[in-house]
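I have placed the structure first, in the form of structure tokens, so that the comments after it can refer back to it.
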Amino acid sequence: MKVLIVTEKPFAKIAVDGIRKEIEAAGFELALLEKYTEKAQVLEAVKDAQALIVRSDKVDKEVFDAAPELKIVVRAGAGYDNVDLEAATAHGVCVMNTPGQNANAVAELAIGLMIMAVRSFFDGKAGSELKGKKLGIHAYGNVGRNVARIAKGLGMEIYAYDAFCPKEVMEAEGVRPVATAEELYSTCNVVSLHIPSTPETKNSIDYELVERMPKNGLLVNTARKEVVNEADLIRLMEDRPDLKYVTDIMPAHHEEFVSTFPGRYFSTPKKMGAQTAEANINAGIAAARQIVAFFKEGCERFRVNK
């Protein structure tokens, strides 16, 4: 049984060592393709693999076509829009993610971005504090819960909207549930996005929704680039000079944001939410364990395709 790690941005060595320990203890073989520069390298490497571990690497129809023995792909992380689920299902391949393993890392970054933004991006000018401000969490999943946990320590009032999370769960954790996204944005000084990229959510963060935010509103995106309607947000920030936008997913219109909104916009140079040693290790080892459980026990607990 060959398990292949395909990572353009490699796992840390300690994470690879942990993955290897899990895989080899199960009697499987571990192979690595790291820092590849061409897709052809991936297509060659997957030819005899039964299992695949990836990070943000693209796994599309061409990859599945090249991997006749493949049975499972695990995305080491929460988001899995880099994997073609339809192609996976057509090839009889199970796709899983590792939910929760990166959650604290992403949450800490979201809070860090908030602090930087309200403190005028540390430019020497007076800023404000998060204490007492109303924080809206858009999607109350693993990351949203961790954001709420940290924000409580800062003395923020926390609200959340999630169509799939019972309000009793939020209330039990000291979070105030709201009935609609519109209510969340109308209520909160700061909104933190944690929604996945789906056909329903793409471009859903638009002019009409964000315009509802109170004066000096701050939008924080550590979710996915595609959920924000960039043209709408640019137009809104032109109309509302009080609004700020910070993100760890560089927008397609990054240069326009930079030139048009100095002091009101920031993006990390690449997606940084899960870029901690701890998250790297946690997600990688979780992926290995899920592969072992899949082959040994038939466990599909974290399957994301049909």
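The opening residue of the sequence shown carries number 7 in our numbering; numbering runs sequentially from there.
For each residue, glycine too, the CB sits at the ideal point set by N, CA and C.
Whether residue i touches residue j by CB criterion (7 Å)
i, j, result
"A55", "A73", "yes"
"L190", "G142", "yes"
"V9", "I291", "no"
"S203", "D87", "yes"
"G106", "N148", "yes"
"R182", "Y165", "yes"
"M162", "L136", "yes"
Of the residues the options, the one placed nearest residue i, counting alpha carbons only
i, options, result
"V295", "E232, E261, H97 and A82", "According to the sequence as given, residue 295 is Arg; it is not Val. If we check each option's Cα against that of R295, A82 comes out closest."
"I287", "A21, G147 and L10", "A21"
"A169", "L160, N152, Y146 and K158", "Y146"
"I120", "Y213, M7, N209 and N227", "Reading off the sequence shown, one finds Met at residue 120, where the question assumed Ile. It is N227 whose Cα lies nearest to the Cα of M120."
"K312", "G98, I25, F17 and L76", "G98"
"H200", "K139, H144 and I297", "H144"
"P16", "K27, Y42 and K8", "Y42"
"L160", "I117, Y213, C194 and R309", "I117"
"M219", "A18, R307 and A187", "A187"
"P257", "R230, V12 and D212", "R230"
"L234", "S198, V264 and K221", "Residue identity differs from the one stated: residue 234 is Val in this sequence, not Leu. Looking at the Cα atoms, S198 is the closest of the given residues."
"V264", "E236, V69 and E14", "E236"
"I11", "V310, A299 and A293", "A293"
Limits of the unbroken beta strand (DSSP E) element including residue i
i, result
"I13", "One detail in the question is off: residue 13 reads as Thr in this sequence, not Ile. Segment K8 to T13, the beta strand (DSSP E) holding T13."
"A237", "It is not in any beta strand (DSSP E) - A237 instead sits in the alpha helix (DSSP H) that spans E236 to D245."
"E232", "Note, E232: premise wrong, no beta strand (DSSP E); not H, not E."
"E206", "Premise fails: E206 is in no beta strand (DSSP E) and is neither H nor E."
"A37", "E35 to E40"
"V226", "L224 to N227"
Closer than 7 Å to chain C by CB, residue i
i, result
"N195", "Protein chains in the displayed structure number just one, and chain C is not present."
Opening and closing residue of the alpha helix (DSSP H) in which residue i lies
i, result
"V216", "Y213 to V216"
"V196", "From DSSP, V196 is part of no alpha helix (DSSP H) but of the beta strand (DSSP E) over V196 to L199."
"D23", "K19 to A31"
Is there contact here, the stretch 240 to 248 with the stretch 264 to 283, by at least three beta-carbon pairs under 8 Å? yes
Let me know the alpha helix (DSSP H) ranges lying completely inside the stretch 54 to 117, each 4 residues or longer, listed in chain order. Along the stretch 54 to 117, the alpha helix (DSSP H) occurs as fully enclosed runs of 4 or more residues at 67 to 71 and 91 to 96, listed in sequence order.
Mind pulling the alpha helix (DSSP H) runs of 4 or more residues that sit fully within the stretch 250 to 297? 260 to 266
Are the stretch 111 to 120 and the stretch 150 to 157 touching, with three or more C-beta to C-beta distances below 8 Å? yes
At 3 residues or longer, and completely inside the stretch 118 to 175: list those beta strand (DSSP E) runs for me, N to C. 140 to 144 and 163 to 167
Check whether the stretch 62 to 71 and the stretch 20 to 34 touch, using three or more Cβ-Cβ pairs below 8 Å as the test. no
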